[in-house]
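Residue numbers (the working numbering), protein chains in the order written: chain W, 460 to 882; chain C, 1213 to 2174.
One structure below.
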């Protein structure tokens, strides 16, 4: 029997129309960047949405961050401090972040039932359990596609830091796979030295004329997308600087901190400002089986500076309303402190911090017990969180993509968003 | 603004095509195709029979050549091939071209690529190299072996045959992962994607059931990658396994199934006593071989071709290879909600493919020779409208939809009941199965013990034999030493040695005897273990005997249920197919009506608009005239009034004067009479004199006034007359203006109405023409315009730029230099052909790396369907700025730009350019564009040529196959 939770989407139809309008506009005006297209207001809202994931790789301890349990057998040496939200306390290792808690929210009742790095990382970034024989797209690929800016030449899914293009888009296709940021502009984005700008313009206008002739006879969404890609390539050639973080003044580098995470967060801001739908920044390593407390003291010091600066900037630049920020890990760490002053892998009761876009600010969802060994209220897992992220950027998370005539649900159909967290 | 401009572009297109629509609909009886008609003729007959909506004409020669060369060899034709084809005037040149292409090495290479991508989806190189798999495929097709043999080879492979190692790719490159195999067996060989049916019945597709998933799963669940030594190649190992249990996460329904192919019945496996299931029993470093292999059974069942889904899947994919789109699209979504656009044709192809012994070549050839394949990609311009039939056809289709839907509901109820019956039997079997499982587990434990005991015998046997042979040898030595000491009596040393040896022999013999005892014991232990196993097999047999009739019941009920579902599927499929055609037909009718409405309203509007405008202008002028005449009339009225008033005033003064005159006259008469009576009165006489004077004076005034009055009377009269005239003028102007006002309003209303009609028609045309083009190409009324695959694009760019020919020549020269042909050999056409083939192979190898670059950029993700089109900025940047394309387009020798540079005449240059890239002659306007471009860039002719060549290679027309 058919279930009705997954409804048909008209995404591709809208995109088609948008392209038709856009391309004609480009040709009529004869110039680039003239792709001002009338769009539906709902889509316009969504088009401004972005997602920033700060991935604290290895597994951040919830006890030394979002869900402190001082003065208990599991609490460790650090205190809990007041935040900008009366009644909400976080660990003293995050004093600057604490001042921003009125803009952010916490989910303290995550149970992913998994203690494996690889599986946990997959869960959190794909919203599902890894299934043998099946590949699902990464959150970044889903966002890059669902929040695609048809008029933007920039890639939609960026990892900072990173190498070449990833293969994490599954059925969405390589167009939405992650692009690792090396700090260098993309390959082939520079005009060949023996081709002048005017000669390039001439050959491109000849190409457009040839295409116009063909389009008069047969025009499809595919032919439109193809011609559009050349216009985007020309735009990208003009925007090569976006990828160069050294174009930021020294004072900005100072503000974010002169360490990798600082630089990466600054790079993330630059990318988000250029309207890239999905950026993921990684900070490692939080896998603290030994010396958990010293490591967190050190690592979170960097995180607190870079992250709080980023939130301040997003806020001041009016971008927080359209940028979902998520701080996640593959899992949390055991409440039990081991013999090496470490904490081990723990997926049974841990936390994620998120804010911006349509996330209700200042909220705390769910609860763990007194010493953090168990979720006692509003238990959720990676599936719920994934739906929540998509809902927070204005998507209907129960929608499906239409991929070459095959329907693919955007998120796990057996889950739904944490709706009370969405404003 | 822009979208309106878009709409206009569309309208222009349609007007330019002067499209008229036709609805062909041959329902009823058409004489059945004669059995001896060729398959391509029958393809066309079925296409004709089912055709709805506009159909394209047969394409011109060059378009045909480009299409068929791309489809059969994976690259565009060379300019030489194009010119030869044009020059060829024989009527059967298309057939000959198909045959020529299908005997070329490029055809087999292309076929190998198509099948590799189809079956492996760009997986490879983990255990089996992709190039080796492709080489195997190419060789397979070159031997013209049938498709079902290919499938059998792939599915029965275990990797042990070194020569057939490539065939293990299908399993090994998927890591023999049973879920992945289940999904891909369904997709690649049955055209159904059961992925979503793993945890529950498919949420969106009624035909995909969890039980189908686990039926297939049971065939492969017991397979593993067997590779105890990482240095040696991986093999596929198989163990013996039971039924698969599953539970829906939605409905919680629990069930079990034996291996079963989709739409088929469960297989009945041979029963072995426990311990006797294997030819080679599993052990740590031994690849197990069961007596009954489910893998082999799977290979046999699938490749037997008995399963209709199997046949439909492959012919649909081959159809898609040629036509750019499957009759069922996407190719792995065969289900009743997604019927084939021509189910009868799909059935014909399936049956004929099986009848022709799964011969891929002949099917591709027949498709290429059909008119259906050779249709134009453009909508036709010369079909006469016959939408009249639509109403009747729609009524028939709708009746079919209604009756089939009702039938589906009816059968659905039966299927639900059948499922309940099945579940009852399953419930009955459950405790029996559990009991059997328990007995089997116990027996298997005994079998394992037996394995251990058997291994022990081998060990003991070895130990005993070793010890025993040592004892025998020492005993022999002792015996000869003894003999020696006897013959040389008294030799103490010799005697001592003999004794020592004897002692040693005795010791060894004792040890050997001990080992013999142990060996005997272990042999006994084996016998005991065997007995125990036999004992343990008794409850197994009993449990099997108890379960067997219930299982037969399960099988029977499952078969009933599956048969009902199949019936539902077919009935629903027919309904959905009718629905789809009905929607298409409705869209065609709608489009036709809109076209007619536009054709009707357009010219009307065109002629009404100027009239309306002129009338409007006239009205405006008349209104102005009315106003002018009104003000003139008003001025005349006021002048007349003034004239009258003046006359009245003069009249009044005249009256006064007359009155005075009369009074003076009377007083004069009275005074005169009095003076006569009183003649002496001097005063009186003086008065009379004065009065006489006054009378005289007034008389003068009076006459003057009278003149004035008379003059004014004339004036006033004239003014009155003028007033009358201008009043009349006003009235007439006013009437005219009123009339024009009404007419103008009437015309404006007509224009507005027509404009609305035109706008509505354009909107409808814009919306439905997209749909009609899409449906017309889905129904193969016109050709699908589909993107080239990454390989087709790469090879075609190499072909167009002349790079391919250059490389071929270079390789030929290299070969001729390394191994020169003798003058005799040069005359032998077989030898030269062989040499050319070698050069061709070498060319293919050396350019493959370039094509691989295209695959990286233009291909889909590994292990994902490769048919979804996408265009990225990286692709465009690669083609725009990448070194490869720039090098290939740099003029050199006889490559494309090199040839163009030598052509002085712009027309000749345009021809060479367009035939090389688009495989067609340039149109007149394109020759003009080329000429202009050359003119504009006459400072750098070489650059101009490269720029134009680049523009054509990066255009839609090159990127897509039409």
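Cβ coordinates follow ideal geometry from the N, Cα and C atoms, glycine included.
My understanding is that residue i touches residue j, with C-beta atoms under 8 angstroms, so please give their C-beta distance in whole angstroms.
i, j, result
"residue 1751 (chain C)", "residue 1651 (chain C)", "4 angstroms"
"residue 2125 (chain C)", "residue 2160 (chain C)", "6 angstroms"
"residue 533 (chain W)", "residue 795 (chain W)", "6 angstroms"
"residue 1410 (chain C)", "residue 1420 (chain C)", "That pair is no contact at about 10 angstroms."
"residue 783 (chain W)", "residue 510 (chain W)", "5 angstroms"
"residue 1270 (chain C)", "residue 1583 (chain C)", "6 angstroms"
"residue 1987 (chain C)", "residue 1799 (chain C)", "7 angstroms"
Between the C-alpha atoms of residue i and residue j, what's the straight-line distance to the nearest angstrom?
i, j, result
"residue 1546 (chain C)", "residue 1457 (chain C)", "26 angstroms"
"residue 1844 (chain C)", "residue 1878 (chain C)", "50 angstroms"
"residue 1283 (chain C)", "residue 685 (chain W)", "21 angstroms"
"residue 484 (chain W)", "residue 1590 (chain C)", "Interpretation of residue 484 (chain W) is limited by its pLDDT of 29, a score under 50 that renders its predicted location unreliable; the figure taken from the coordinates is listed afterwards. Between residue 484 (chain W) and residue 1590 (chain C), the C-alpha separation is close to 25 angstroms."
"residue 1865 (chain C)", "residue 1926 (chain C)", "17 angstroms"
"residue 1682 (chain C)", "residue 1688 (chain C)", "10 angstroms"
"residue 817 (chain W)", "residue 512 (chain W)", "15 angstroms"
"residue 745 (chain W)", "residue 758 (chain W)", "8 angstroms"
"residue 2030 (chain C)", "residue 2058 (chain C)", "17 angstroms"
"residue 1990 (chain C)", "residue 658 (chain W)", "41 angstroms"
"residue 1708 (chain C)", "residue 1693 (chain C)", "9 angstroms"
"residue 2148 (chain C)", "residue 1531 (chain C)", "46 angstroms"
"residue 1874 (chain C)", "residue 1880 (chain C)", "10 angstroms"
"residue 495 (chain W)", "residue 1796 (chain C)", "In this prediction, residue 495 (chain W) has a pLDDT of 28, which is less than 50 and means its spatial position is unreliable; nothing more can be read from the coordinates."
With respect to the alpha helix (DSSP H) encompassing residue i, which residues constitute its N-terminal and C-terminal limits?
i, result
"residue 2119 (chain C)", "2118-2130"
"residue 1831 (chain C)", "1704-1889"
"residue 1264 (chain C)", "Counting along the chain, residue 1264 (chain C) falls outside any alpha helix (DSSP H), and DSSP gives it neither H nor E."
"residue 1686 (chain C)", "1602-1699"
"residue 2154 (chain C)", "2153-2165"
"residue 1277 (chain C)", "1273-1285"
"residue 2009 (chain C)", "2002-2013"
Which stretch, first to last residue, makes up the beta strand (DSSP E) that contains residue i?
i, result
"residue 514 (chain W)", "509-515"
"residue 2140 (chain C)", "Note, residue 2140 (chain C): premise wrong, no beta strand (DSSP E); alpha helix (DSSP H) at 2136-2148."
"residue 1908 (chain C)", "Element bounds for residue 1908 (chain C): not the beta strand (DSSP E) but the alpha helix (DSSP H), 1894-1990."
"residue 683 (chain W)", "Segment 680-697 is the alpha helix (DSSP H) holding residue 683 (chain W); no beta strand (DSSP E) there."
"residue 809 (chain W)", "809-814"
"residue 2102 (chain C)", "Segment: none, residue 2102 (chain C) is in no beta strand (DSSP E) and carries neither H nor E."
"residue 1449 (chain C)", "1447-1450"
"residue 629 (chain W)", "Careful: residue 629 (chain W) lies outside any beta strand (DSSP E) and carries neither H nor E."
"residue 1490 (chain C)", "1490-1492"
Who are residue i's beta bridge partners in DSSP?
i, result
"residue 859 (chain W)", "W:868"
"residue 792 (chain W)", "W:804"
"residue 618 (chain W)", "W:639 and W:739"
"residue 1304 (chain C)", "Paired residues: none, contrary to the question."
"residue 550 (chain W)", "W:539"
"residue 836 (chain W)", "W:826"
Any heavy atom of the ligand NAD inside 7 angstroms of the beta-carbon of residue i?
i, result
"residue 2071 (chain C)", "Among the ligands in the structure shown, none appear at all, so the ligand NAD cannot be discussed."
I'd like to know if residue i contacts chain D, where contact means its C-beta is closer than 8 angstroms to some C-beta of that chain.
i, result
"residue 865 (chain W)", "Within the model displayed, chain D is absent; protein chains W and C are what it includes."
contact_flag[the region 1258-1265 of chain C, the region 1553-1565 of chain C] where n(CB pairs < 8 angstroms) is 3 or more | yes
At least 3 beta-carbon pairs within less than 8 angstroms: the region 1840-1855 of chain C vs the region 1934-1950 of chain C = yes
Counting pairs of Cβ atoms below 8 angstroms between the region 781-795 of chain W and the region 504-523 of chain W, do you hit three or more?
-> yes
Any chance the region 848-861 of chain W sits against the region 827-838 of chain W, with 3 or more Cβ pairs inside 8 angstroms?
-> no
Determine contact between the region 1433-1446 of chain C and the region 1474-1483 of chain C, defined as no fewer than three beta-carbon pairs at a distance below 8 angstroms.
-> no
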